[in-house]
Amino acid sequence: MRSRRVRVAAMGKRGMTRSLLLAVAGALCGFAWGHEGLTWLTGFAALVPVLWSLACSRWWAGATTLAYYLAASRGLPFGAGIFFAESAPSWFSWALWLVAGVVNALPWLLLWSETPRRQAWTLPAALALTAVPPIGFIGWVNR
């Protein structure tokens, strides 16, 4: 297994661009949620595990799923601000949104692997971890 420094150097500009595009695609898949009359767009959520498996590093895999969760739950800060109104500071709803996104992306970050053979069991494990409690309670947009 190559060291991290060698992997980052080998990634180069092309790999960095690819990784950034995967994260943007994850955000677009998340943004597909919540459009009235266009419910068929939610099918793009099925692409997120594919994007995750195409990531070239653990951190980019985590960034891709984090972008998905944050984009998909983009209404949470505003809804929480209305719900909590004067009883919580304004930053609380934004912190709630960010923490929920990180908690949901964490299993994907931790279970990512370079090898397709290992991804064959870590992908279903990540799906299961984000679908059932306790993480499943926090995940509003689990696939």
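If you read the sequence shown in UniProt numbering, its first letter stands for residue 1, the second for the next number, and so on.
All C-beta atoms, glycine included, are put in the ideal place defined by N, C-alpha and C.
Treat the numbers as computed from the prediction; the structure is a model and nothing was measured.
Within this structure, are the beta carbons of residue i and residue j separated by less than 8 Å?
i, j, result
"residue 44", "residue 56", "no"
"residue 42", "residue 32", "yes"
"residue 52", "residue 19", "no"
"residue 84", "residue 92", "yes"
"residue 67", "residue 23", "yes"
Let me confirm a value: residue i is counted as buried when at least 16 other C-beta atoms fall within 10 Å, else exposed. Which label applies?
i, result
"residue 90", "exposed"
"residue 73", "buried"
"residue 70", "buried"
"residue 120", "exposed"
"residue 39", "exposed"
"residue 5", "Annotation note: pLDDT 49 at residue 5 (below 50); position unreliable, coordinate value reported separately. It counts as exposed."
What is the C-beta distance between residue i and residue j, in whole angstroms, given that I count them as a contact (C-beta under 8 Å)?
i, j, result
"residue 123", "residue 49", "6 Å"
"residue 109", "residue 58", "6 Å"
"residue 100", "residue 138", "5 Å"
Terminal residues of the continuous alpha helix (DSSP H) containing residue i?
i, result
"residue 62", "58–72"
"residue 134", "Taken as a continuous stretch (DSSP letters only), residue 134 belongs to no alpha helix (DSSP H), as it is neither H nor E."
"residue 96", "90–111"
"residue 80", "76–84"
"residue 50", "48–54"
Three CB pairs or more closer than 8 Å across the stretch 75–83 and the stretch 109–122: Because the criterion of three Cβ pairs below 8 Å is not met, the stretch 75–83 and the stretch 109–122 do not touch.
Inter-stretch contact at 8 Å, needing at least 3 Cβ pairs: the stretch 92–112 / the stretch 130–141: Yes, since at least three Cβ pairs between the stretch 92–112 and the stretch 130–141 fall closer than 8 Å, the two stretches touch.
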